[in-house]
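**Student:** Which chain is which? The protein sequence lines are A and B, in order. Take the first sequence: its position 113, counting from 1, is numbered 113 in my numbering, and each next residue is one higher. The number in my numbering is simply the position in the second sequence, starting from 1, with 437 added. Beta carbons: idealized from backbone N, C-alpha and C, even for Gly. Have a look at this one.
2 protein chains.
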Amino acid sequence: MAFKIGLLGLGTVGTGTAQILQQPTGRHPMVQEIEIYKVGVRSLDKPRSISLPPELLTTDIEAIVTDPAVDIVVELLGGLEPARSLILKAIAHGKHIVTANKAVISRYGDEIFTAANQAGVYVLLEGAVGGGIPVIQPLKQSLGANQIHRITGIVNGTTNYILTQMQTSGGSFNDILGDAQQLGYAEADPTADVDGLDAADKIAILASLAFGGRIKLQDIHCEGIRQVSSADIAYAEKLGFVIKLLALAKRELMAAADTSQEEMLQVRVHPTLVPKAHPLASISGVYNAILVEGEPIGQVMFFGPGAGSGPTASAVVSDIVNIAAVLKTGRDAERLHPLLSCAHQHYCAISPISELVTRFYTRFLTKDHPGVIGSLGTCFGEQSVSLESIVQTGFHGELAEIVVVTHDVREGNFRQALEEIRTLDAVDSIPSILRVL
Amino acid sequence: MAFKIGLLGLGTVGTGTAQILQQPTGRHPMVQEIEIYKVGVRSLDKPRSISLPPELLTTDIEAIVTDPAVDIVVELLGGLEPARSLILKAIAHGKHIVTANKAVISRYGDEIFTAANQAGVYVLLEGAVGGGIPVIQPLKQSLGANQIHRITGIVNGTTNYILTQMQTSGGSFNDILGDAQQLGYAEADPTADVDGLDAADKIAILASLAFGGRIKLQDIHCEGIRQVSSADIAYAEKLGFVIKLLALAKRELMAAADTSQEEMLQVRVHPTLVPKAHPLASISGVYNAILVEGEPIGQVMFFGPGAGSGPTASAVVSDIVNIAAVLKTGRDAERLHPLLSCAHQHYCAISPISELVTRFYTRFLTKDHPGVIGSLGTCFGEQSVSLESIVQTGFHGELAEIVVVTHDVREGNFRQALEEIRTLDAVDSIPSILRVL
Chain A
1 MAFKIGLLGL GTVGTGTAQI LQQPTGRHPM VQEIEIYKVG VRSLDKPRSI
51 SLPPELLTTD IEAIVTDPAV DIVVELLGGL EPARSLILKA IAHGKHIVTA
101 NKAVISRYGD EIFTAANQAG VYVLLEGAVG GGIPVIQPLK QSLGANQIHR
151 ITGIVNGTTN YILTQMQTSG GSFNDILGDA QQLGYAEADP TADVDGLDAA
201 DKIAILASLA FGGRIKLQDI HCEGIRQVSS ADIAYAEKLG FVIKLLALAK
251 RELMAAADTS QEEMLQVRVH PTLVPKAHPL ASISGVYNAI LVEGEPIGQV
301 MFFGPGAGSG PTASAVVSDI VNIAAVLKTG RDAERLHPLL SCAHQHYCAI
351 SPISELVTRF YTRFLTKDHP GVIGSLGTCF GEQSVSLESI VQTGFHGELA
401 EIVVVTHDVR EGNFRQALEE IRTLDAVDSI PSILRVL
Chain B
438 MAFKIGLLGL GTVGTGTAQI LQQPTGRHPM VQEIEIYKVG VRSLDKPRSI
488 SLPPELLTTD IEAIVTDPAV DIVVELLGGL EPARSLILKA IAHGKHIVTA
538 NKAVISRYGD EIFTAANQAG VYVLLEGAVG GGIPVIQPLK QSLGANQIHR
588 ITGIVNGTTN YILTQMQTSG GSFNDILGDA QQLGYAEADP TADVDGLDAA
638 DKIAILASLA FGGRIKLQDI HCEGIRQVSS ADIAYAEKLG FVIKLLALAK
688 RELMAAADTS QEEMLQVRVH PTLVPKAHPL ASISGVYNAI LVEGEPIGQV
738 MFFGPGAGSG PTASAVVSDI VNIAAVLKTG RDAERLHPLL SCAHQHYCAI
788 SPISELVTRF YTRFLTKDHP GVIGSLGTCF GEQSVSLESI VQTGFHGELA
838 EIVVVTHDVR EGNFRQALEE IRTLDAVDSI PSILRVL
């Protein structure tokens, strides 16, 4: 018995997926049991790097998701619509779903998983985070014995490439972004990548799996890498750090209104000073890595290509095979496999960024007056912001450059101190504020 | 409905497993559905760090594996017997098996999986390789879409700790081994670790999963780290390498007797010079990492704690939960889940080490005669061994020390050249022969 898939989209990942299914030799024997039954495309005439029987291709994508012969709908269109509507319609018609669409899942996961549970179908999404790196399935199936404490990931290859290049070449953000666009590592409109939005989608999905609750995307504090300068990268290097765009999710207990404690999540995306000895510090270029910390496992890290046709298609086909394997095992139609399905219903409480306790690195430009360092120190002290170092690093024209590194401080207090510092006569500007891991 | 487990052994990993099951809060909800039904121990009176109802403990381990109430037998005794016999008896009584016993699986996997398939039960073993690192399940379930080309792992924490310490402290193998024994990182009898036998067990298991065939343990070429000296580590460092005990398995096509090509595997364990930029070069201390390469995924790496009570127990409990999840999904008793079971029957053909093509690093001690370097070069040249560098690095007493690095050469030719070199008057000894990744 073959399992029939309806493939929506024949772009980079769709083509990679079809290529794997066309050449099953040397792969898991179950790959042979997957049949490409229909492929939905926008244009039948577009030249393609893959040869498929013409009768498989159709522009009537709606007809695929309602076709009774289709077992699994593989959504590789990307974007929000019509992807969301097609997924929901396919679910309503009893199809299982495989998708690599992090934008749809992070925004409409609630609606999609509720519908899937009602319909008794699976929605798998290994390709949505970390390209080919197995991380969704390990979180669902291999790490379930743990209380997960924290997930820290480099989950956007474009920004990691730009930061790595800035570090090795000393170039500016704008120059390196231009190079990355020419090489195809960055989109013409780089917003989703460089402003951290893509990473926020992905950490929302990872946090949801790790902490067993839904995450509202708008609760995620998100900063991109446009403000990171080559000066900051050079100072970070001297201080023993590299700068990485990290996506983080952490479980913590906060004091509640009464005397009890309430479980909250921190979920955030921002450029971060990472100590050179940290496992994520050496992840360079377009690679991704996800570090999971929990009890009793300690630290485990998953590393690999975070995007691309082949790696993402590897994840997509593995999801297809996993659904086929469960179907083949003779499942009871009433019961979904409890590790492959998504049962949680509640939303996680996310703590505001002002409650974050972290170290900060900050660069100030000030007038070259005596006593400036003392004034900065006083403003921080009044807000209980304890400093690790405060160093005048040099001059920018007539302005003195001062770099401050704090101990662990409450972000709200730190921001309050900065507000006061901005009012000081001697302070010209604060070009960089970065958190330290 | 609770799933009843019979736990064989309450040592380090057994205790860790029971602790997870006793404290299910914050873990996957299915952990609550696992019930410790019986625990088989050698002595009822031994003081233990875990408190279990005394009626659960028994010294009659045979009775556990035949008890009709037990769903899953968790074998954490270690060693070959009685582990093998108990596993086979449990299978014969229809129990599913979870084990962390790499020695039993690498030696008796054939017998055990054949029996399991006949009985229609699962044998899961995530804890047998890489401690808590999810690598078995990703190979079975997340990477099946790929043609795996190569697996390269640091899979023995003891030897990685020793080599890391030798590198950072400059100490000798014997001194660092002594320290490791005092710290509990090495056994009183360190043979299985330092001679590479433990790593051979693990690469046999990984290769079997990655390449879909059984592996005869005696076909694996295995060298340990006793011969690695601090001098070699220092020269490797200068040449841009670190020395790691690697376990490798690689698929290759060999010319067969007729004009066709035959698929063979290389499977080997030996200390190796690893380029500093390689992802495995930065894995230090007792950590493990497994790099998997395939088409179309490229490279993915799994990193984490390679041993220890908590991490290994994390893997064991995840296996238990995975079996429970499949049972709960209402499985057809006739059909095993095709990704969780082990269907391959044939043995992989392993190519002899003499056919390996690799680079070599070799250190010679010779008399301080003119012309020695020329004689070495001639012997290598006669066997078509092409050299990258040949350098006299200094003196050991009256003897000159010469370090040779080759290009890629056939191992058989290289060994033949060494045989001829050993007969040269000027050559005193060849203290180190190491392969280069």
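Going by beta carbon distance, what residues of the same chain come within less than 6 Å of G722 of chain B, once the five residues before and after it are set aside?
**Tutor:** Contacts found: Y598 and T601.
**Student:** Closer than 6 Å by C-beta to E293 of chain A: which residues in its own chain qualify, once you throw out the five before and the five after it? Chain order, please.
**Tutor:** Counting only Cβ-Cβ distances below 6 Å, and skipping sequence neighbours, we find H149, R150 and Q299.
**Student:** Leaving aside the five residues before and after T689 of chain B along the sequence, list all residues of the same chain whose C-beta is less than 8 Å from its C-beta, in chain order.
**Tutor:** Note on residue identity: the sequence assigns Glu, not Thr, to residue 689 of chain B. Around E689 of chain B: E700, M701, L702, Q703 and S788.
**Student:** Quick one: which unbroken beta strand (DSSP E) runs of 3-plus residues sit fully inside the stretch 290-373 of chain A? Chain order, please.
**Tutor:** Whole beta strand (DSSP E) segments, 3+ residues: 298-305 and 357-367.
**Student:** Using a Cβ-Cβ cut-off of less than 7 Å, list which residues of the stretch 573-595 of chain B approach chain A; keep chain order.
**Tutor:** Per Cβ criterion, the list reads Q574, P575, Q578, S579, L580, G581, A582, N583 and Q584.
**Student:** Residues of chain B with CB under 9 Å from M30 of chain A, in chain order?
**Tutor:** Residues of chain B passing the Cβ test: G581, P775 and L776.
**Student:** Among B:Y672, B:G745 and B:R796, whose alpha-carbon lies nearest the alpha-carbon of Q829 of chain B?
**Tutor:** The residue with the shortest Cα to Cα distance from Q829 of chain B is B:Y672.
**Student:** Please check if any C-beta of chain B sits within less than 8 Å of the C-beta of F302 of chain A.
**Tutor:** Judged by the 8 Å Cβ criterion, F302 of chain A is in contact with chain B.
**Student:** So that I know if they touch, is there some Cβ in chain B lying closer than 8 Å to that of G132 of chain A?
**Tutor:** By this cut-off, G132 of chain A is an interface position.
**Student:** Helix or strand or just coil, what does DSSP make of L878 of chain B?
**Tutor:** Since the displayed chain B opens at 438 and closes at 874, residue 878 of chain B lies outside it and no answer follows.
**Student:** Taking the straight line between their C-alpha atoms, what separation do you get for S389 of chain A and K367 of chain A?
**Tutor:** S389 of chain A and K367 of chain A: Cα-Cα distance of roughly 20 Å.
**Student:** Please report the Cβ distance between S318 of chain A and Q578 of chain B, rounded to the nearest whole angstrom; I am assuming they are in contact, meaning their Cβ atoms lie under 8 Å.
**Tutor:** Correct: roughly 7 Å between the Cβ atoms.
**Student:** Counting beta carbon pairs with one atom in the stretch 634-648 of chain B and one in the stretch 534-553 of chain B, are three or more of them shorter than 8 Å?
**Tutor:** They touch, by the three-pair rule.
**Student:** Which residue from B:S645, B:P491, B:I524 and B:Q664 puts its Cα closest to that of D656 of chain B?
**Tutor:** Cα-wise, what sits closest to D656 of chain B is B:S645.
**Student:** So, with DSSP's three-state summary, where would you put K202 of chain A?
**Tutor:** K202 of chain A: helix per DSSP, three-state reduction.
**Student:** Output yes if chain A places a C-beta closer than 8 Å to the C-beta of R544 of chain B; else output no.
**Tutor:** False, the Cβ-Cβ gap to chain A never drops below 8 Å.
**Student:** Measure how close the beta-carbons of L437 of chain A and H278 of chain A come, nearest whole angstrom, since I'm counting them as under 8 Å.
**Tutor:** At roughly 7 Å, the Cβ-Cβ gap stays under 8 Å, so L437 of chain A and H278 of chain A are in contact.
**Student:** Let me check one thing: in DSSP terms, what residues is G171 of chain A bridge-paired to?
**Tutor:** Its beta-bridge partners do not exist; DSSP assigns none.
**Student:** Got a sec? Which residues, its chain only, sit under 7 Å from G14 of chain A by beta carbon, not counting five neighbours each side?
**Tutor:** L7 and L76, listed in sequence order.
**Student:** Name the one or two DSSP bridge partners that G831 of chain B has.
**Tutor:** Beta-bridge pairing links G831 of chain B to B:E838.
**Student:** How about L246 of chain A and I225 of chain A: are their beta carbons less than 8 Å apart?
**Tutor:** It is not a contact, given that the beta carbons lie outside the stated cut-off.
**Student:** Please report the straight-line C-alpha distance between K713 of chain B and P491 of chain B, rounded to a whole angstrom.
**Tutor:** So the alpha carbons of these two residues sit roughly 53 Å apart.
**Student:** Which one of B:G818, B:C816, B:G814 and B:L777 has the shortest CA to CA distance from L562 of chain B?
**Tutor:** The shortest Cα separation from L562 of chain B among B:G818, B:C816, B:G814 and B:L777 belongs to B:L777.
**Student:** Spatial neighbours of I50 of chain A within its chain, please: CB distance less than 8 Å, with the 5 preceding and 5 following residues excluded, ordered by chain position.
**Tutor:** For I50 of chain A, where only same-chain residues beyond five positions count, the Cβ hits under 8 Å are L10, T15, A18, Q19 and Q22.
**Student:** Tell me whether G224 of chain A sits in a helix, a strand or coil according to DSSP, three-state version.
**Tutor:** DSSP places G224 of chain A in coil when its eight states are reduced to three.
**Student:** Rank B:G831, B:I757 and B:C785 by C-alpha distance to the C-alpha of I534 of chain B and give the top, closest one.
**Tutor:** That would be B:I757, whose Cα lies nearest to the Cα of I534 of chain B.
**Student:** Candidates A:V385, A:G196 and A:G371: which alpha carbon is nearest L248 of chain A's?
**Tutor:** Taking only the C-alpha atoms, the option nearest L248 of chain A is A:G196.
**Student:** Would you list the residues sitting across from H28 of chain A in a DSSP beta bridge?
**Tutor:** Answer is none; H28 of chain A lacks a bridge partner.
**Student:** Using beta-carbon positions only, say whether T795 of chain B and D845 of chain B come within less than 8 Å of one another.
**Tutor:** Yes, the Cβ-Cβ distance between T795 of chain B and D845 of chain B is below 8 Å.
**Student:** In terms of alpha-carbon separation, which member of A:T406, A:L376 and A:I112 lies closest to L239 of chain A?
**Tutor:** Measuring from the Cα of L239 of chain A, the nearest candidate turns out to be A:T406.
**Student:** Where L580 of chain B and H774 of chain B are concerned, what is the direct C-alpha to C-alpha distance, given to the nearest angstrom?
**Tutor:** Computed Cα separation, rounded: 16 Å.
**Student:** Mind checking the stretch 545-559 of chain B against chain A and listing, in chain order, the residues whose C-beta falls within less than 7 Å of any C-beta there?
**Tutor:** Listed by position, the residues of the stretch 545-559 of chain B near chain A (Cβ gap below 7 Å) amount to none.
**Student:** Express the C-alpha separation of V631 of chain B and H346 of chain A in angstroms, rounding to a whole number.
**Tutor:** Those two C-alpha atoms are separated by around 50 Å.
**Student:** I want to verify the contact list: residues of chain A whose CB lies under 8 Å from the CB of T766 of chain B, in sequence order.
**Tutor:** The answer, in chain order, is V326, T329, R331, D332, R335, L336, H337 and P338.
**Student:** For the beta strand (DSSP E) that contains D547 of chain B, what are its first and last residues?
**Tutor:** That residue, D547 of chain B, is in no beta strand (DSSP E); its alpha helix (DSSP H) goes K539 to A556.
**Student:** Could you tell me the distance, in whole angstroms, from the CA atom of I215 of chain A to the CA atom of C348 of chain A?
**Tutor:** Rounded to whole angstroms, I215 of chain A to C348 of chain A spans 6 Å at the Cα level.
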